[in-house]
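Undergrad:
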Amino acid sequence: RNMALSLSLLLLQALGGQVGSSTPTWSANFENIGLMQSGGQEASPLWLGGKLFLVQSVMGRLNPSSGGHSYFCTFDAKTGETVSCPATSSGWAFCSGIVDRTAIPERAWVFCSAWDRANHTNNGQNASMVCDANTSQWGCGGCAFARNNLPGPGCSVGVWSSEDLVTWDGPHPAVTLSGNLTVPNVGVTMIPPSSRAEVAARTGLPAHQAFMALESQSALAINTGTDRDLTKNWQLLPITKVGFASFGLACPTARFNPIDGYYYVFGGGNDITLKRSNDLRVWTSANKSMATGCISDATCLKYRAPCLPSAKNSASCCIEKPGWCSATNGGRIAPGYYTNYWANNTDCHRCARSFIGNETEWNWSVNDADFTDEGGNGPTHFIFGLSLQTKPINFTGSGGGGYQVGTYQGTELDFLSSYF
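When you line the sequence shown up against the working numbering, it's residues 107 to 526, in that order.
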């Protein structure tokens, strides 16, 4: 994930942009619940069939049935029990998911990049995809080769679908980038049928049923189909049309709000930053970050200078620690989530439990945020990763990782609007 954050930082530097938008008086718009689970990679909460699930990337070599490659699994978010790990996802990574509720039946969609992060020879997909010294740090696959300017099949985003999270159709090629362009993370959202004509008129773009934010130089795509099929009809928008990396966020999650007509994208590394646009050209930042790192003032000041009152991010200075930390249910296991997982000590393969309670000593980064409400009703379940990824290069401490969960007593759209 450090690679993903590095790519986003390069994009932001090109734009003269900010990594985050928090202020020294930051406070949460959600109620912190606690640590949902430890370890694991990119994840999205999904509400399907009246239940909460988690779809999550797994970094290879943890499940022999996957062939030793990275893949994704779905889990019951309340118990932590595995629902499925589709074998067809072997060799893919940086996965995210949404549920399409624009018609019945509801359908889950998962998008992953062609990036095998198991860090070894990729014998499972293409004999020519062999990791070497140039790619082994971040694995194999078309996106890894493109990232390192090596010959290969090109970087693509694959898509799977399911109506029960057990039987999966895919992968299908959704988006293919040209040349040596690469993408780790994407975020996708549906556009309701009732909004499509108005959106097309306002943006000057073809009517579209879905929108994709990519952590890439080619940063935006639309799906011009009308049949709810997200396996085809994707169009990357020209850079000249939308601006270079116009939203400029790592690990993006996307939503369209039919009430106010805005596209929303959030993501980040030091902060979870939220931006919105009603034309996909001009993006406005929220009045504060959705979440920020949880490092203590004392620890931060050992490695960074204090932030000035005008600071807009915590990338290189020490900003007042956020309210989700230990004083407000940080430092505890979230009750009611992954109950069997914690009871069975499943987390101990990473032993991150030992780091619960001292997040302020190591949690420099928040990343891979995502959310879901309960089928258009509250509450909204908001998750974000905790890690050391954006730690100062001279930091010598150790720490854990995992997904923090918070709730907002309203819908996804209410939650987004609360920041503007």
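Backbone N, C-alpha and C fix where the C-beta goes; we use that ideal spot for every residue, glycine too. Model, not experiment: these values are computed from the prediction.
1. I'd like the list of long-range same chain contacts for Gly533, defined as Cβ closer than 6 angstroms, with 5 residues on each side in sequence excluded.
2. Which class does Asn446 belong to by DSSP, given the choice of helix, strand or coil?
3. By the 10 Å Cβ neighbour count, where 16 or more other Cβ atoms means buried, how is Glu304 classified, buried or exposed?
4. Identify which residue in Asp270, Ser267, Val265, Gly247 has its Cα closest to the Cα of Pro259.
5. Under three-state DSSP, which class holds Leu326?
6. Name, in chain order, the residues that DSSP records as bridge partners for His175.
7. Out of Glu321, Phe317, Pro151, state which residue places its alpha-carbon closest to the alpha-carbon of Thr337.
8. Taking Cβ to Cβ, would you say Gly491 is nearer than 8 angstroms to Asn473?
9. Within the continuous beta strand (DSSP E) that includes Asp403, where are the two ends?
10. Report the partner residues of Trp266 according to the DSSP bridge assignment.
11. Along the chain, where does the alpha helix (DSSP H) containing Cys249 start, and where does it finish?
12. Kindly list the residues whose CB is nearer than 6 angstroms to the CB of Ala252, restricted to its own chain and excluding five residues on each side of it in sequence; keep chain order.
13. Which residues in the same chain as Ser322 place their Cβ atom closer than 7 angstroms to its Cβ, once the five residues preceding and following it in sequence are excluded?
14. When DSSP builds the beta bridges, which residues end up paired with Cys424?
15. With a 10 Å radius around its C-beta and 16 neighbouring C-beta atoms as the bar for buried, classify Arg410 as buried or exposed.
16. Could you round the C-beta distance between Asp222 and His175 to whole angstroms and report it? I think they count as a contact, below 8 angstroms.
17. Relative to the alpha-carbon of Val164, which residue among Gly156, Cys191, Leu154 has its alpha-carbon at the smallest distance?
18. Roughly how many angstroms separate the alpha carbons of Gln510 and Tyr368, rounded to a whole number?
19. Could you give the residue range of the beta strand (DSSP E) that holds Arg361?
20. Could you check the C-alpha separation between Asp270 and Pro211 for me, to the nearest Å?
21. Is it right to say Lys157 is buried, meaning 16 or more other beta carbons lie within 10 angstroms of its own, or is it exposed?
22. The alpha helix (DSSP H) with Ala306 in it runs from where to where?
23. Please go through the stretch 498–524 and give each complete beta strand (DSSP E) segment of 3 or more residues, from N-terminal end onward.
24. Determine, using beta carbons only, whether Thr486 and Tyr525 come nearer to each other than 8 angstroms.
25. DSSP state of Phe461, grouped into three classes?
26. Reducing DSSP to helix, strand and coil, say where Thr466 ends up.
27. Under the three-state reduction of DSSP, which class applies to Phe526: helix, strand or coil?
28. Can you tell me which residues form a DSSP beta bridge with Trp153?
29. Could you say which of Gly186, Ala325, Ala199, Phe461 lies nearest to Leu494 if we only look at CA atoms?
TA: Considering the structure as presented:
1. Any question about residue 533 goes unanswered here, given that the chain covers just 107 to 526.
2. In the sequence shown, the residue the question calls residue 446 occupies position 340. Three-state DSSP puts Asn446 in a helix.
3. Within the sequence shown, residue 304 is the residue found at index 198, counting from 1. By the 10 Å Cβ count, Glu304 comes out exposed.
4. If you number the sequence shown from 1, residue 259 lands on position 153. Per the Cα distances, Gly247.
5. Here residue 326 corresponds to residue number 220 of the sequence shown, with the count starting at 1. Strand.
6. Start at 1 with the first residue of the sequence shown, and residue 175 comes out as number 69. His175 pairs with nothing; no bridge assigned.
7. For the purposes of this step, residue 337 is identified with residue 231 of the sequence shown, where counting begins at 1. Minimum Cα distance to Thr337 is reached at Phe317.
8. Locating residue 491 in the sequence shown gives position 385, where the first residue counts as 1. Locating residue 473 in the sequence shown gives position 367, where the first residue counts as 1. For the pair Gly491 and Asn473, the CB atoms are nearer than the 8 angstroms cut-off.
9. Indexing the sequence shown from 1 puts residue 403 at position 297. Note, Asp403: premise wrong, no beta strand (DSSP E); alpha helix (DSSP H) at 403–407.
10. Stepping through the sequence shown from its first residue, residue 266 is reached at position 160. Per DSSP, Val216.
11. On the sequence shown, residue 249 is found 143 positions in, with the first residue counted as 1. From DSSP, the alpha helix (DSSP H) with Cys249 extends over 248–253.
12. Position 146 of the sequence shown, counted from the start, is the residue given in the question as residue 252. Excluding residues within five positions, the ones whose Cβ falls inside 6 angstroms are Cys261, Asn286, Thr288.
13. Within the sequence shown, the letter at position 216 stands for residue 322. Closer than 7 angstroms at Cβ, skipping near neighbours: Leu283, Leu287, Thr288, Val289.
14. As a first step, residue 424 is located in the sequence shown; it is residue number 318 there, counting from the start. In DSSP, Cys424 forms a bridge with Pro412.
15. The sequence position of residue 410 within the sequence shown is 304, counting from 1. Looking at its Cβ environment, which holds 16 or more other Cβ atoms inside 10 Å, Arg410 is buried.
16. In the sequence shown, the residue the question calls residue 222 occupies position 116. In the sequence shown, the residue the question calls residue 175 occupies position 69. Yes, Asp222 and His175 are in contact; Cβ-Cβ is about 5 angstroms, under 8 angstroms.
17. Stepping through the sequence shown from its first residue, residue 164 is reached at position 58. Nearest of Gly156, Cys191, Leu154 to Val164, Cα basis: Cys191.
18. Here the question's residue 510 lines up with position 404 in the sequence shown. Here the question's residue 368 lines up with position 262 in the sequence shown. Roughly 27 angstroms separates the two Cα atoms.
19. Stepping through the sequence shown from its first residue, residue 361 is reached at position 255. Element bounds for Arg361: 359–363.
20. In the sequence shown, residue 270 corresponds to position 164, counting from 1. In the sequence shown, residue 211 corresponds to position 105, counting from 1. Those two C-alpha atoms are separated by around 10 angstroms.
21. The count along the sequence shown starts at 1 and reaches residue 157 at position 51. Exposed is the call here.
22. One-based indexing of the sequence shown puts residue 306 at position 200. 302–309 is the extent of the alpha helix (DSSP H) around Ala306.
23. 508–514
24. In the sequence shown, residue 486 corresponds to position 380, counting from 1. In the sequence shown, residue 525 corresponds to position 419, counting from 1. No. Outside cutoff.
25. Residue mapping note: residue 461 aligns to position 355 of the sequence shown, counting from 1. If DSSP states are grouped into helix, strand and coil, Phe461 belongs with the helices.
26. As a first step, residue 466 must be located in the sequence shown, where it is residue number 360. Helix, per DSSP.
27. Here residue 526 refers to the residue found at position 420 when the sequence shown is read from its first residue. Coil, per DSSP.
28. The residue labelled residue 153 in the question sits at position 47 within the sequence shown. Trp153 is bridged to Leu158.
29. Position 388 of the sequence shown, counted from the first residue, corresponds to residue 494. Comparing Cα-Cα distances from Leu494 to each of Gly186, Ala325, Ala199, Phe461, the minimum goes to Phe461.
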